[in-house]
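Engineer:
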Amino acid sequence: LEPCVLAAAGRLGKTPAQVVLRWAVQRGTSAVPKTEKPARLAENLAVGNFELSDAEMGAIYALDRTRRINDPGVFCEQAFGTFFPIYE
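Residue 21 in my numbering sits at position 34 of the sequence shown, with consecutive numbering throughout.
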């Protein structure tokens, strides 16, 4: 895990996953987490009652690797050994 995410989680008393979800929401993007566990679902939904500081937002944003998170053209071939185009 990234030190800036762990530091924000510690300061806020939240999990690293909550910090990253809050980062996405706070910057105005959608996040679609997946879970089958009711406790994790409640945790994922509990990201509206705190805010990350400008410094924390910037530190997490600086982790950018210039890749889309969900681009199947990038990750599917590595993960599944086959190419899945985004558009047909």
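Just so it is clear, CB atoms sit at the ideal spot from N, CA and C, and this is done for glycine as well.
Please read these numbers as outputs of a predicted model, since none were measured by experiment.
Sorted by chain position, which residues of the same chain lie with C-beta nearer than 6 Å to Glu43's C-beta, five sequence neighbours on each side aside?
Structural biologist: These residues qualify, in order along the chain: Ala(-5).
Engineer: How long is the line joining the alpha carbons of Pro3 and Ala66, rounded to whole angstroms?
Structural biologist: For Pro3 and Ala66, the distance between alpha carbons rounds to 24 Å.
Engineer: Report the option in Phe37, Ala29, Asp51 whose CA atom is closest to the CA atom of Arg(-2).
Structural biologist: Minimum Cα distance to Arg(-2) is reached at Phe37.
Engineer: Identify whether Asn76 lies in helix, strand or coil by the three-state DSSP scheme.
Structural biologist: Residue 76 lies beyond the stretch modelled for the chain, which goes from -12 to 75, so this question has no answer here.
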